[in-house]
Amino acid sequence: CERLGPKVLRAGVLRLRGGVRLAIESDYRPGHADVRERDKIGVAKKIRLKEGAKLVGELAQLRSVQVPTHRYSALKENWAAISKPIVEHLKLQIRMNVLHRTVQLRTCEFTADAGALDRAADFLKAYFLGFSTKDASAMLRLENLYLESFEVTDVKYLKGQHLSRAIGRIAGTKGRTRDNIESSTRTRLVVAGKKVHVLGSHDNIKQARRVISDLILGRPVAKANKKLGAISSRIKTEL
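Pasting the structure below:
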């Protein structure tokens, strides 16, 4: 098949060496426009269905979200608080598959938002990353909320005690620096090892990541707090 080069294979049967037959169903190949359109599907925004349309029967949509091992116990303890907003707000059906350890979502006749599955999946992923139920549920109620994850070593390659000190500068004494970043940039922050997860709007995430990068590069906490004060006052002025 590689010798054919850029030629498009048409429907039929292709005989390979050794008597192996390869069935070719169509000559369709996704282009750049199709890839871009496919990437837009994951954006968690409200998409209203046409009047009379229902996502049931053959049109029913399913989604499964894998549960990490370290969050399985927390999911069982807070199952009522997690499933309630998904059922009441998004009108989706939800169940826990204990065998495969996945949370399964499905549309029903009461589902009015075509993007409900994406928003529910984003909510579950945020909770599995370590965000509280209250913070993660904001992705169900509000639009233009995003989740960005990166590692400390993406900013600067560190190891050993240097990596530990960088993580300590982000968290601060008893979590004060992290709380200051959250309150000043109006985001939510989770530091899990060398991974950092930020939840908020696009501009606020950009501001928070800039401050976190400065701390990783060795900027003193006092200067970072001064910069956070300027960011907080600017956000209040804009509002």
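Just so we're aligned: 1652 in our numbering is position 232 of the sequence shown, and the numbers increase by one with no gaps anywhere. Where is the CB? At the ideal position from N, CA and C, for every residue including glycine. Bear in mind that the values here come from a model prediction, so they are computed numbers and not experimental data.
Quick one: is residue i buried, meaning 16 or more other Cβ sit within 10 Å of its Cβ, or exposed?
i     : result
E1523 : In the sequence as presented, Glu is not what sits at residue 1523; that position holds Val. Buried is the call here.
G1462 : A caution first: G1462 carries a pLDDT of 39, below 50, which makes its placement in the model too unreliable to give a value.
T1657 : exposed
A1586 : buried
F1548 : buried
R1589 : buried
T1593 : exposed
A1642 : exposed
Under a three-way DSSP split, which group does residue i fall into?
i     : result
K1614 : coil
S1484 : strand
N1600 : helix
R1589 : helix
G1609 : The identity of residue 1609 in the sequence shown is Leu, whereas the question assumes Gly. Of the three classes helix, strand and coil, the one that applies to L1609 here is strand, per DSSP.
Q1519 : Looking at the sequence itself, residue 1519 is Leu, so the reference to Gln does not match. Here L1519 sits in coil by DSSP.
L1510 : helix
L1583 : helix
For the candidate residues the options, whose alpha-carbon lies nearest to that of residue i?
i     : options                    : result
V1485 : V1631, N1517, T1553, G1588 : N1517
A1500 : Q1481, L1609, K1554, G1535 : K1554
D1542 : F1530, C1528, A1532, Y1566 : Y1566
R1654 : N1624, R1629, G1638, R1539 : N1624
I1636 : L1619, S1652, V1611, H1622 : V1611
T1607 : L1519, E1568, H1490, Q1481 : E1568
K1576 : Q1513, S1633, I1514        : S1633
G1550 : V1616, G1595, D1538        : V1616
N1564 : T1573, L1619, L1512        : L1619
E1508 : Y1492, R1491, D1533        : D1533
T1660 : V1572, N1645, S1621        : Outside the shown range of the chain, which is 1421 to 1659, sits residue 1660, and nothing can be said about it.
L1482 : A1650, D1574, D1538        : D1538
L1512 : R1630, R1639, A1536        : A1536
What residue range is occupied by the uninterrupted alpha helix (DSSP H) comprising residue i?
i     : result
R1629 : 1622-1636
L1560 : 1558-1561
R1654 : 1641-1658
At which residues does the beta strand (DSSP E) containing residue i begin and terminate?
i     : result
L1537 : Where L1537 is concerned, there is no enclosing beta strand (DSSP E), although the alpha helix (DSSP H) it sits in stretches over 1536-1549.
L1567 : 1566-1571
L1525 : 1522-1527
L1495 : It is not in any beta strand (DSSP E) - L1495 instead sits in the alpha helix (DSSP H) that spans 1492-1497.
The ligand GTP heavy atoms versus the CB of residue i: any closer than 7 Å?
i     : result
T1593 : The model on display carries no ligand, and the ligand GTP is accordingly not part of it.
At least 3 beta-carbon pairs within less than 8 Å: the segment 1596-1604 vs the segment 1549-1563:
No contact exists between the segment 1596-1604 and the segment 1549-1563.
Any chance the segment 1575-1595 sits against the segment 1523-1533, with 3 or more Cβ pairs inside 8 Å?
The segment 1575-1595 is not in contact with the segment 1523-1533.
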